[in-house]
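Asker:
In structure tokens:
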């Protein structure tokens, strides 16, 4: 909880920052700054003990991390510190343009990545081998990807034609949906693009957020079961508490809105 990973830095690095007692106005400290890519890092995914970075240089790099010995904070308390091995495990090739999104799953031993050229590739996480390409039925690049280990599927969102697809881990299409067709347009009559998505309830449902709306869908067929349309600003990112009772929505306005899970399973 006291570690932040950042990327997109001018020196092509990603950084590990220790948050040392922010409630007492203490400064943060960069523990590691790791530069192996030849161009800026564009995306990052983590699943213990592995971390994968994607870059504008068209490659992905697999790293391994550990929690090092405990570090003493300014208040004298101790906390485990996240540390990435400086020597990367493998480099993944196959994209011909910048990598835009990535997700990993150590249980399934796969890395799924999407690039601006429209390709979505599956590599083995541990061995670093290319496995297959996912057929792109949307003729668009992908901006979001999520892997479900429990249900063994891959969700991919294609923003230019607003298409959300569910594939099995062999790359076969299971379901396809255009999210904006299920939701109302906002006051400016824009098509609502998905900015972020996450899986919950044993990966049986997916939450998507974009524009001024949040939608909850069944993962299997992507049918919408609940929609929140009274959000005061455009959605930037979404997160859920560990017990899945709170849905946290970060807005482009700088606001943070928190929704509570009701007994009926919806959020309000």
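In this note's numbering, the protein residues as written are 1444 to 1711. Ideal placement from N, C-alpha and C gives every residue a C-beta, glycine not left out. Being a predicted model, the structure only gives us computed values, none of them experimental.
Is residue 1534 near the ligand ZN, with its Cβ less than 7 Å from a heavy atom?
Answerer: Here there are no bound small molecules, and the ligand ZN is not part of this structure.
Asker: Quick test of the definition: if touching needs 3 or more C-beta pairs under 8 Å, does the segment 1535-1546 touch the segment 1487-1503?
Answerer: Judged by Cβ distances under 8 Å, the segment 1535-1546 makes contact with the segment 1487-1503, as three or more pairs qualify.
Asker: On the premise that residue 1702 lies in contact with residue 1711, defined as a C-beta separation below 8 Å, what is that separation, rounded to the nearest angstrom?
Answerer: Sure, about 6 Å apart at Cβ, within 8 Å.
Asker: What separation, rounded to the nearest whole angstrom, lies between the Cα atoms of residue 1576 and residue 1656?
Answerer: Roughly 32 Å separates the two Cα atoms.
Asker: Taking its Cβ as the centre, do 16 or more other Cβ atoms sit within 10 Å of residue 1691, making it buried, or is it exposed?
Answerer: Classification of residue 1691: exposed, given that the 10 Å Cβ count is below 16.
Asker: Let me check understanding here. Comparing Cα to Cα, which of 1595, 1455, 1534 and 1688 lies closest to residue 1705?
Answerer: Looking at the Cα atoms, 1688 is the closest of the given residues.
Asker: Does DSSP put residue 1698 in a helix, a strand or coil?
Answerer: Coil.
Asker: Just the C-alpha distance for residue 1609 and residue 1616, rounded to the nearest angstrom, thanks.
Answerer: The alpha-carbon atoms of residue 1609 and residue 1616 are separated by roughly 6 Å.
Asker: For a test of the three-state rule: what should DSSP assign to residue 1583, helix, strand or coil?
Answerer: Residue 1583 falls in the coil class under three-state DSSP.
Asker: Going along the chain, which residues of its own chain have a beta-carbon closer than 8 Å to the beta-carbon of residue 1662, five neighbours each way excluded?
Answerer: Answer for residue 1662: 1591, 1594, 1596, 1598, 1609, 1642, 1646, 1647, 1648 and 1649, listed in chain order.
Asker: Let me know the secondary structure DSSP gives residue 1533 once reduced to three states.
Answerer: The answer is strand: DSSP assigns residue 1533 an E or B state.
Asker: In whole angstroms, what separates the C-alpha of residue 1554 from that of residue 1504?
Answerer: The straight-line gap from Cα to Cα measures roughly 11 Å.
Asker: Using a threshold of 8 Å, state whether the C-beta atoms of residue 1490 and residue 1547 are closer than that.
Answerer: Cβ atoms of residue 1490 and residue 1547: closer than 8 Å.
Asker: Only counting the same chain, and skipping five residues up and downstream in sequence, which positions put a Cβ closer than 7 Å to that of residue 1552?
Answerer: Answer for residue 1552: 1567, 1568 and 1569, listed in chain order.
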